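Numbering (this note's numbering), first residue to last: 3 to 166. First comes the structure, then the notes that go with it.
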Amino acid sequence: MRPLTEQDIRNSFINCSKGEAKRLAIPRDLGERPWDDLDFLGWRDPGAPDRSYLVAERADRLVGVALRFPSSQRGFLHRSMCTLCLTTHPGSGVSLMTARKAGAAGREGNSVGVYMCTDLACSLYVRGKKVPEAGGRFHESLTLDEQITRTVGNLSAFLDKLEG
Ligand SMILES: [Zn+2]
Numbered sequence: 003m004r005p006l007t008e009q010d011i012r013n014s015f016i017n018c019s020k021g022e023a024k025r026l027a028i029p030r031d032l033g034e035r036p037w038d039d040l041d042f043l044g045w046r047d048p049g050a051p052d053r054s055y056l057v058a059e060r061a062d063r064l065v066g067v068a069l070r071f072p073s074s075q076r077g078f079l080h081r082s083m084c085t086l087c088l089t090t091h092p093g094s095g096v097s098l099m100t101a102r103k104a105g106a107a108g109r110e111g112n113s114v115g116v117y118m119c120t121d122l123a124c125s126l127y128v129r130g131k132k133v134p135e136a137g138g139r140f141h142e143s144l145t146l147d148e149q150i151t152r153t154v155g156n157l158s159a160f161l162d163k164l165e166g
């Protein structure tokens, strides 16, 4: 994806208020992120351990999503698979994250859940640039490009549910 600026990121959020988008913690290392290897930018909020965020490119626009995960859930699952990149992690490596839906549906309290890599590094796992601690990835007959396309497709389906 193309490198993003703090302003790009703050302007992209679809499921939180303008005030929240203005205040939320943006990574300080945007200049060093491996943008060429990212299908989306994902990060944890260092000041709020139950929050994380992701920003993806959709057609010609950016879509930012605020995610939450209850800390009580972490470490509950023995071994589980990220539904976006299909990487398997032990323990708390995969979390059920929930995102409020965009617009009126979200204001009414509707949210969508997704099991995904707790560190939001799906793009790097798919490309073999990051290796899960004791989990792994299935040996795949798909090419890297096909696996990337699948990950982006899975993410896109999640974003469709949020915006739908
Ligand atoms: Zn993943």
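Don't be surprised by glycine CBs; every beta carbon is placed ideally from N, CA and C. Here the structure is a predicted model, which means the values were calculated and not measured.
Shortest gap from the CB of Thr151 to any heavy atom of ligand 1: 7 Å or more.
Using a 10 angstroms sphere on the CB of Gly33, the tally of other CB atoms stays under 16, which defines it as exposed.
The alpha-carbon of Gly49 is positioned some 8 Å away from that of Ala27.
Here Leu161 is near Ala58, since their CB atoms are less than 8 Å apart. The Cβ atoms of Ala101 and Leu69 sit closer than 8 Å to each other.
Between the stretch 12-31 and the stretch 141-152 there are fewer than three inter-stretch CB-CB distances shorter than 8 Å, so the stretches are not counted as touching.
For Ala159, the secondary structure class from DSSP, reduced to helix, strand or coil, is helix. Taking C-alpha positions only, Thr7 is separated from Arg81 by approximately 35 Å. Checking the 7 Å criterion, the Cβ of Met118 is within range of a heavy atom belonging to ligand 1. In the structure shown, Ala58 falls within a strand segment according to DSSP collapsed to helix, strand and coil. Within the same chain, and ignoring the five residues on either side of Cys18 in sequence, the residues whose Cβ sits closer than 7 Å to its Cβ are Ala68.
Separation of Gln149 and Cys84 (C-alpha to C-alpha, rounded to the nearest whole angstrom) is 13 Å. When rounded, the separation of the alpha-carbon atoms in Met3 and Tyr127 is 16 Å.
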